[in-house]
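**Q** So the sequence shown is numbered by the numbering used here: it starts at 8 and just counts up by one. Every residue gets a Cβ at the ideal spot worked out from N, C-alpha and C, and that includes glycine.
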Amino acid sequence: MQAAASQLEAAGAEQSLSGASALPDLYFRLNYERAGDRTEWLPGFAVSVPIFDRGQGVRAETRARANRARLELDRRLAAAGAEREATREAYLAAVASVRELEAHAIPQAMDIETMSEESYLNGKSNLGSMLVLRRESLLIRRDYLDRLLEAALRGVDVGLALGLWP
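1. Taking all protein chains shown into account, decide if Q22 is buried (16 or more other Cβ within 10 angstroms of its Cβ) or exposed.
2. Suppose you measure from the CA of R91 to the CA of R149; what does that come to, to the nearest Å?
3. For E79, collect the residues of the same chain with a Cβ closer than 6 Å to its Cβ; drop the 5 residues on either side in sequence, then sort them by chain order.
4. Can you name the start and end residues of the beta strand (DSSP E) that S55 belongs to?
5. Have a look at D171 and S126 and give me their C-alpha separation to the nearest angstrom.
6. Going by Cα to Cα distance, which pick from W48, L167 and L155 is closest to N38?
7. Which partner residues does A35 have in the DSSP bridge list?
8. If you pair each beta-carbon of the region 134-148 with each one of the region 115-123, do three or more pairs fall below 8 Å?
9. Looking at V105: is its Cβ nearer than 8 Å to the Cβ of R154?
10. Hey, how far is the Cα of Q14 from the Cα of A76?
11. Need the endpoints of the alpha helix (DSSP H) that L171 sits in, please.
12. Taking N74 as part of the alpha helix (DSSP H), name the residues at either end of that continuous run.
13. State the beta-bridge partners of A158 as determined by DSSP.
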């Protein structure tokens, strides 16, 4: 982003410098003339009037370079804005997923695990069914932790996109 901004600044400086090529140049000169044994010094000045080469090509080139640099900076700014928005949306989706699991899946998994243990202790179910239900409960908790990690990583991505950290 900074490179595009500095290119735009350099192109603007070149463009303003190229505008000077359309102006007449002023030269101070000092001529001498020899006539026999005598030398005469003739001070003066000269003006070159840009009639044929007024620097149109150079000005058009620098104008095009400045426009290209401006477009590149605008493109990079738009891409950075889109990236910030996309990372923010991904973070919000990950947080919503975690909250959904916290609100519904985790409490239900805990209830099912508790009921299966009580059922096993009361002799109403066998050890295999209790262990299957416990495994399912642990898988739900693991999924919750994975989504929690994913939400944290998306939060870091948002911080990086916003420029909070180098």
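**A** Taking the coordinates as given:
1. So Q22 counts as buried.
2. If I take the Cα positions, the gap works out to 29 Å.
3. Excluding positions up to five away in sequence, the list reads A11.
4. For S55, the enclosing beta strand (DSSP E) begins and ends at R45 to S55.
5. Per the sequence shown, the amino acid found at residue 171 is Leu instead of Asp. So the alpha carbons of these two residues sit roughly 52 Å apart.
6. Nearest C-alpha to N38: W48.
7. One point to set straight first is that residue 35 is Phe, not Ala, in the sequence displayed. Assignment of beta-bridge partners to F35 by DSSP yields F52.
8. Result yes; three or more Cβ-Cβ pairs closer than 8 Å.
9. The answer is yes: Cβ separation under 8 Å.
10. Inter-residue distance for Q14 and A76 is about 6 Å (C-alpha atoms, whole angstroms).
11. No alpha helix (DSSP H) holds L171; DSSP gives it neither H nor E.
12. In this chain, the alpha helix (DSSP H) harbouring N74 covers Q63 to E107.
13. Note: A158 sits in no beta bridge, so no partner.
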